Each structure stands twice: as structure tokens, then as C-alpha cells.
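Everything below concerns the one structure shown next.
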Amino acid sequence: MSDSDYSDILRRDPRGERIARNRLHPLHSTVAMQVGEMRGPSGLLRKNPHSVGFIGPNGIKRIDRLKGNAVAMSGRRNAQSSQEVLLPLHQVREPAFTIVVVPDMVGGRLTAHDKDILGQAHQLARSMENDSTGLGAVMAVVFGSSKEDSFDKAGVDRLLLLDGSEYEGYCPEQQVTALEQVEARIKPQYWLFPDSVHGGTDLGSRLAARLGERPATQAWQVNTETTICRGASGSIDITRDTPRLLMLAQECANPIDETRHEALPVEWAPVQSVLPELHDLGQVAVDPNAIPLAEAEFILAAGNGITNWDQFHATAKALGATEGASRVAVDDGNMPRFRQVGASGTWVTARVYLAVGISGAIQHMQGIGQCDKVVTINTDAGCDMVKRADLSTIGDAEKVLDELVNLVATHRQQASHNHSAEKEGAKDAA
Amino acid sequence: MLLDANTSMDLKIVSLISVGKHPTSGRARRAEQDGRAVELGLSVAEAGRGKQNLTVLHAGDSQQSALRSYAGMGLESVRVIQLRESADAVSPLTEYLRKHAPDIILTGVRAESGESSGMVPYLLAEKLGWPVVPRIANIVSIKEGVAEVLQALPRGQRRALTVRLPFIASVDNAAAEPRQSAFGPASRALIEQQQASSDADAVRSEWSELPARKRPKRLKVVKAKTAADRFKAATAKPQGSGGKVLKDEPVTEQAQAIFDLLLEEGVLR
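These protein sequence lines are chains A and B, in that order. If you're matching positions, the first sequence starts at -18 in my numbering and goes up one per residue. If you're matching positions, the second sequence starts at 115 in my numbering and goes up one per residue.
Below is the structure:
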């Protein structure tokens, strides 16, 4: 007789049943937990109506019809929210083909646009897998140092991180050389670039010209056969065969959110460095208050909590931040109307939003909905702005701003000192 | 604009222009970015020897009346390489530029009609073997054959670059606005026509073009399994994932924390 035959025989445990019946038995809890489903002598599933539910804290029987969700919600909300759901892992061992995505990585992180493009890459990979047999991998080529820590959740199967010193600053020629090498070694099925002002269009166009591919630009609906892209400054839709190199518009596809990916680092031999014809002299200082508020990168916003306005303006100048204000500060006449952030003012898109003395009315929170990092200095630890902020300091804004200006001043001094020391060193060497 | 004596004498500039399209009426007009390319070319040429250093070049139909609106910016002539509508403009342009060997070629970033892929400067640069500088806002100076240009970055930022002549640059919307076009000079200007042959764009003839369809708005999909989760998603305020709160720390420590974050994000310059 094999094992399976034994397991088919229904065996009763009379002692266990006796303990399970007796609520006062010392072993009752262990046995009762084990008995998930009861089988009658004929093998029929038996439900014990007495065991449904549980005895509540007041000794009254409770029946939970929310399948355990209510318990989690009422008692330990914090514990649940901190717990992350582990998504299923999508593994590609031996990729049959590769789709290369070159994300913008603004500020070293994947943008929403980049994530859409990774989603598009997976869409293309899935439809190609339906046609053929093998699994395909999505490879991201990232230049320069990256601060991103969720490549796996964004849908990156393979990650080629090129972060040598030659990739710092603006170096499209070096980047194109590296991409050419990727083309030679991997022969990707598709090249996907974001069609964006952050450099995606530039790099994509350079590579297309180098490889002699005719790219699709501003593509917004892509499958393996046809591509629809915008032409004539967005006034016509061009339907065409899908080329190998695509520059995709925003929201071309949904980002990945149901799977986790490996984000395996790719081993890469160093790319030979090219002699660049473009030399990056760095960013030029521009007057931060001349930048429109809606597109400013760094905003220092003032609210009702500011009393010393001269200090506020001085701080904004020292930090090089564009000034913003809440409605109260504008109504009181401390700031002009066009500086107002929020529902009846400007909806800002800053990467860093430093709010000083703003409690965070919902109209204001709407206006800063697209900001990446929110920092606040506030006296009330329980206000909405503190709940939204990534970093909050509770205390006197005047003192904190004062200290902050000092820190920035010393930092600037050190930087200029180092710079001049470097120059002198160069002179000595010459 | 700073030019040194050597370069200002024989600095040849070519501004490439195309026929624009008004966004609402759809009428042919002076293209916004190409107008800026002509304006920038004029200002560089005027800083040097004079306007005659600038050639304004168009590849396409010489009868197009919108070309006159470029000429009205004070040009004596507009040069046109006569092509059929379906012809590929890149190879005759390359031929012309190879023959005349200018120092600076200015174009717009994207055309306002046709495919508007923005590939023309890149294709020309690849064929001529010149560097291409995308999206410039201004040319600051040209000294000893090296130009310093300001590149327009998103969020109103500017980047300074140096590049050796000759180079191709596409001109961003952040560049100086083109001057007004005057009717009299526009109608007096000469349209210098030049014949060229070019193959028809075979790939493009297979495409179908339609007026732009409105793109569907992305819907916010709530992936809640239970009614309670759906209710929470519909009513709860959007909140951050609980940031760091410094409550009882001394002021120096608080300021240091903010400073570190600003430095890490790279917003302090």
C-alpha cells in the first residue's frame, strides 16, 4: 500500500474531538485552532454553527462578516500601513530578446514619464512573447549617479548603470557612444526614449541619426505593428509602422504596479571615452524670482507664521529659491497675488517645496500636489502640512531660517574656497 | 554679443526656416522657433560685419507666401531650394551646406507642420560631422573659433556650453522673440530660387495622417478588494508616507536636517 492510500482513509481522533467540545479543557485552544474543517463519518463537510465567530471582550459572541478586515482596521492601523505587500516577482533567466529603455532620471530618480515608458516596454514585451516563445527582458540604461531605489517596482529586469566620472554633467556624445555599444552587443528589439525636454529627445535623436533609424517621435499609442504619433506640433495623428527607435509622449502606457522585477545589474566593459566637442561649463545662475512659479524647481513659501518678512526675503535670496506664499500671506498684503500657491493661485510642480509657517489648508495642499519633497517649518506638530511633509521641524521659524542661512553661507564659502584652491593648484601644475 | 576681430570678419551663418502653421486657424505663418533662429542669426551677424553674413535658407516651395514674413524681418533675400512637397529635404540641404561651408547653422527645435520630428539638425550634423547643440537660448560670445552658448533647460534654468565652430544649433522658445515683420521690406525682398533634385520620401508615403484625436484621460483605478478599502480610497485625504518630524531637537540640528535634504536634492547652487 502506498502513502496516498493511507491518507485517503478518514481517521477520527476521539480525544481531540472531546477536547474540542470542552471549552474549559486546558488544551482546548490549540485543538480548536487546528480543526479548520470538520468531516463527518461519511466524509461530508460539517459546519459547527457554535464555532462561528468569537467571544468579544465583553463576553458577547461576535460574528465577523468582514473576513478579518475590520479587526485590522480598528486596532492596529499603523502596523498595517507600515507593512508592504510583496508583489509577485517577474523573473527572466535567459532573455530571448531585450527592449532597452533610457530613462531621463531627473534629479537621479525615475520620473512619472520614465515609469510610463517602462510600462510601455513591458506591454511590447508581452505582445512579442505571445507571438514567439521566449521571455523578453526590459533593460534600463542609466547614466550618472542614481538615487532611485525602486527600479524593481518600476519594471526594470536588467539595469545597466554607467556612473563613471565621464558621465557627469552634460555629455551626450559620451552617452551616444555607450548606447552604440549597447546596440552592437545586445541588439535590442526596441529602443525607447521619453520624448521630453529633460534630455530624452536629444539623446534619442542623436542615437537615431547615428544608427540611421527613422524614429517615431511624440508616439502615444504603440503596439508591435502600428504606432500613432503626434505630428505638425500636435495637430495631426500619424499612423505608421512601429520603428525600432521610439520617443514616447507622456502617459503612453500605464506604469508597472502589479509585479516586482529583478533589476539585475549588467556587467559592462568600460566604454572608451570620446573627446567631447561640447564642453559643459555648468548651470548659470538665473534670478529665481524671474522663473514662473508654476515651473520653479525650488520654492520657499511663506504663510501666516512668518513675522519677519525681511528675513524671509533674505533667506529666499540666500537659498536661491523662488518665493511662494499661502493665501493668508497674500491677503494680508505681505506678498503679491501672483505668488499665491494653491487652488486660486498657482499649482506648482517644484521638486523641493520648503513651507514656512503654513498649516496646510486643503486648497494649499491641492496646489502642491505635484511636489516631490515637501519640507516644513511649523509650530503646530498636528497640522496637515506636517502630515504631508517628508521632513518637518517643529519650532520657531525665525531661528531655524537664521541657522539655515548661516549653514548655506558657510557651505558657499567652503565651495568657493575649494574652487579657488583648485584653480591655484592647476596654475601651479602649469 | 562679444566677437573677436578675426571671427567677425568672415563668420558665415545660415538660418534654416520652415513654413509654420497657426495652432488655431491652421494658416501658414512664420514659425515661432524658426523666427527666433533668424533673429538670433541676425543679432550675431549684426554684432559682426553686418547682415550680409546671414543666409536664410528654406527647402521647399518658393511660392509659399509665409516665406515673405521672414524676409520682412529686414532681410534682403531668402534663398530657397525648390523641392516638391513629398521630397526629402535633408540631402539637398547637406549638399548646399557642404558647398557653402557656414560656421553656424541655426534651426528651430521642431517644425510646425509635417512630421515635426525635430531630426533635421541631428541628421545634418551626422552627415556633416559637426557637433549639434540642442535648444539654445543665446550665443554669448565667439572667440578664437570657440562659441559660448546658453542652453535652455526646463524650469527656466540655463546651462553654459562651449563649442568649436562650425556647429549646428536648434533654437529654443526661450531665445529672444523675433522682431516684427514689416510688409514693405517683405514684398521687396528677393526670393533666390535654386533647383535641386531629391528622392521622394518613400517611407512617409505609407503613413496615414488624420487630425489629432483627443487623447483619453488616464483614469484613477482603485484596486481595492473590499468595500472598506474602496471607501477609504474615496474619502481619505492623500497623505505622504509619514515623513520625519523633528520636534524637540535643538534649532541647529533642525536647520542641519533641512540643509542636508536641500543639498541631497541638489537645489542649492
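Virtual Cβ for every residue (Gly too), placed ideally from N, Cα, C. Quantities reported herein were computed from a predicted structural model and do not represent experimental measurements.
Near the ligand PLP: residue i beta-carbon under 6 Å from a heavy atom
| i | result |
| --- | --- |
| residue 196 (chain A) | This structure lacks the ligand PLP, and indeed carries no ligand of any kind. |
Residues of its chain near residue i, where Cβ-Cβ distance is below 6 Å and the 5 sequence neighbours each way are ignored
| i | result |
| --- | --- |
| residue 277 (chain A) | 303, 331 |
| residue 218 (chain B) | 127 |
| residue 260 (chain B) | 276, 278 |
| residue 383 (chain B) | none |
| residue 396 (chain A) | none |
| residue 208 (chain A) | 197, 200, 221, 223 |
| residue 150 (chain B) | 285, 289, 292 |
| residue 21 (chain A) | 27 |
| residue 142 (chain B) | 133, 180 |
Spatially closest choice to residue i from the options, by CA coordinates
| i | options | result |
| --- | --- | --- |
| residue 154 (chain B) | B:296, B:203, B:127, B:332 | B:127 |
| residue 221 (chain A) | B:323, B:345, B:349, B:280 | B:323 |
| residue 242 (chain A) | A:109, A:117, A:38 | A:117 |
| residue 194 (chain B) | B:320, B:308, B:340, B:345 | B:308 |
| residue 262 (chain B) | B:277, B:250, B:270 | B:277 |
| residue 166 (chain A) | A:248, A:183, A:189 | A:248 |
| residue 140 (chain B) | B:348, B:222, B:226 | B:226 |
| residue 347 (chain A) | A:283, A:195, A:358, A:365 | A:365 |
| residue 202 (chain B) | A:284, A:226, A:393, A:195 | A:195 |
| residue 332 (chain B) | A:206, A:235, A:180 | A:235 |
| residue 161 (chain A) | A:245, A:219, A:255 | A:255 |
| residue 285 (chain A) | A:396, A:314, A:334, A:208 | A:314 |
| residue 150 (chain A) | A:262, A:81, A:41, A:223 | A:262 |
| residue 366 (chain B) | A:12, A:29, A:388, A:393 | A:388 |
| residue 136 (chain A) | A:126, A:119, A:127, A:128 | A:119 |
| residue 82 (chain A) | A:26, A:44, A:24, A:141 | A:141 |
| residue 298 (chain B) | B:143, B:187, B:339, B:280 | B:187 |
| residue 178 (chain A) | A:186, A:172, A:171 | A:186 |
| residue 226 (chain A) | A:23, A:210, A:133 | A:210 |
| residue 372 (chain A) | B:374, B:380, B:381 | B:374 |
| residue 228 (chain B) | B:133, B:340, B:339, B:342 | B:133 |
| residue 129 (chain A) | A:98, A:84, A:105 | A:84 |
Residue i, enclosing beta strand (DSSP E) - first and last residue
| i | result |
| --- | --- |
| residue 304 (chain A) | 303 to 306 |
| residue 259 (chain A) | 259 to 265 |
| residue 163 (chain B) | Element bounds for residue 163 (chain B): n/a, residue is neither H nor E. |
| residue 146 (chain A) | Segment: none, residue 146 (chain A) is in no beta strand (DSSP E) and carries neither H nor E. |
| residue 283 (chain A) | 279 to 283 |
| residue 360 (chain B) | 358 to 360 |
Residue i: first and last residue of the uninterrupted alpha helix (DSSP H) it sits in
| i | result |
| --- | --- |
| residue 134 (chain A) | 132 to 135 |
| residue 111 (chain A) | 93 to 112 |
| residue 373 (chain B) | 365 to 379 |
| residue 205 (chain B) | 204 to 214 |
| residue 238 (chain B) | 234 to 242 |
| residue 44 (chain A) | Taken as a continuous stretch (DSSP letters only), residue 44 (chain A) belongs to no alpha helix (DSSP H), as it is neither H nor E. |
| residue 347 (chain A) | 343 to 348 |
| residue -2 (chain A) | -5 to 2 |
| residue 313 (chain A) | Per DSSP, residue 313 (chain A) belongs to no alpha helix (DSSP H) and is neither H nor E. |
Residues that DSSP places opposite residue i in a beta bridge
| i | result |
| --- | --- |
| residue 134 (chain B) | B:143 |
| residue 246 (chain A) | A:140 |
| residue 455 (chain B) | This structure leaves residue 455 (chain B) out entirely; chain B is present only between 115 and 383. |
| residue 300 (chain A) | The partner list for residue 300 (chain A) (beta bridge, DSSP) is empty, contrary to what the question assumes. |
| residue 293 (chain A) | Answer by DSSP bridge pairing: none, since residue 293 (chain A) is not bridged. |
| residue 262 (chain B) | B:255, B:276 |
| residue 191 (chain B) | B:304 |
| residue 241 (chain A) | A:70 |
| residue 283 (chain B) | B:220, B:247 |
| residue 122 (chain A) | A:141 |
| residue 358 (chain A) | A:337, A:374 |
| residue 201 (chain B) | B:314 |
| residue 36 (chain A) | A:42 |
| residue 414 (chain A) | Residue numbering for chain A in the displayed model covers -18 to 411; residue 414 (chain A) lies beyond these limits and cannot be assessed. |
Close Cβ partners of residue i (< 8 Å) along its chain, the five nearest in sequence each way excluded
| i | result |
| --- | --- |
| residue 57 (chain A) | With a pLDDT of 41 at residue 57 (chain A), under the threshold of 50, the modelled position of this residue cannot be trusted; read the value that follows with caution. Within the same chain, residue 57 (chain A) has no close Cβ partners at all. |
| residue 159 (chain B) | 125, 127, 165, 166, 167, 168 |
| residue 348 (chain B) | 336 |
| residue 199 (chain B) | 174, 175 |
Close-in-space but distant-in-sequence residues of the same chain around residue i (CB under 7 Å, 5 per side omitted)
| i | result |
| --- | --- |
| residue 208 (chain B) | 238, 241, 242 |
| residue 370 (chain A) | 355, 356, 357 |
| residue 63 (chain A) | Legend: pLDDT at residue 63 (chain A) = 44, less than 50; position of this residue unreliable, no value from coordinates given. |
| residue 291 (chain A) | none |
| residue 59 (chain A) | Its pLDDT being 44, under 50, residue 59 (chain A) is placed unreliably by the model, and nothing is read from it. |
key: Runs of alpha helix (DSSP H) wholly within the stretch 310 to 350 of chain B (minimum 4 residues, chain order)   = 316 to 319, 341 to 349
key: Whole alpha helix (DSSP H) elements within the stretch 153 to 238 of chain A, 4-residue minimum   = 153 to 167, 181 to 192
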